[in-house]
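Chemist: The sequence shown begins at 1 in my numbering and counts up by one.
Dumping the structure here so I can ask a few things about it.
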Amino acid sequence: MTMDYYPALSPIRTGLACKCPRCGGGKLFSGFLTVRESCEQCGLDLRGHDAGDGPAIFIIFILGFVVVPLALWVEMTYMPPLWLHAVLWFPTIIGVTLALLRPLKGLMVALQYRHRSTSEQD
């Protein structure tokens with residue numbers, strides 16, 4: 001049995017790019033948020049990697065930190081009607097959530113791989 005050498009890759013770079021945390025070449029997801037069973041390039045078993053609710057919690061904090069002050073500023077500066085707030089902020093929150101969810105889940109999986117939080121690694 002030969003042991004292949006895989007250089008230590010940045011979990012931030014591979015995670016945000018949604019690539020395999022070991023080789024950096026294979027795709028991490030088979031669907032929008034479904035982690036592949038194994039890497040198509042190096043064969044890394046990805047079944048044990050589960051990000052759980054971590055990415056969603058980070059997105060809630062990020063959006064809360066950004067959107068709440070912006071909504072307050074818009075309210076104090078322009079005083080728009082409530083329906084305009086809904087029209088403005090609902091698509092913004094949904095869009096940013098969908099844009100960040102996949103890369104943050106990839107980052108969580110890459111960090112799990114880096115810190116060996118699953119039972120079997122290589």
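Where is the CB? At the ideal position from N, CA and C, for every residue including glycine.
1. With a threshold of 8 Å, are at least 3 pairs of Cβ atoms found where one atom belongs to the stretch 5-17 and the other to the stretch 89-108?
2. Looking only at its chain, what residues have a beta carbon closer than 7 Å to the beta carbon of residue 24, apart from the 5 residues adjacent to it on each side?
3. By how many angstroms is the C-alpha of residue 95 removed from the C-alpha of residue 27?
4. What number of angstroms, rounded off, separates the C-alpha of residue 74 from the C-alpha of residue 80?
5. In terms of DSSP beta bridges, what is residue 58 paired with?
6. Could you tell me whether the stretch 55-74 touches the stretch 84-102, where touching means 3 or more Cβ pairs closer than 8 Å?
7. Do you know whose CA, among 17, 70 and 4, lies nearest residue 44's CA?
8. Please return the same chain residues whose Cβ sits closer than 7 Å to the Cβ of residue 55, not counting the five positions on each side in sequence.
9. Unbroken beta strand (DSSP E) runs of length 3 or more, entirely within the stretch 39-87: which are they?
10. Mapping DSSP to helix, strand and coil, what is residue 4?
11. Roughly how many whole angstroms lie between the Cα atoms of residue 38 and residue 82?
Modeler: Reading from the atomic positions:
1. Because the criterion of three Cβ pairs below 8 Å is met, the stretch 5-17 and the stretch 89-108 touch.
2. 9 and 14
3. 23 Å
4. 8 Å
5. Its beta-bridge partners do not exist; DSSP assigns none.
6. yes
7. 4
8. In the same chain as residue 55, and ignoring 5 residues on each side of it, the C-beta atoms closer than 7 Å to its own belong to 101, 104, 105 and 108, in chain order.
9. none
10. coil
11. 48 Å
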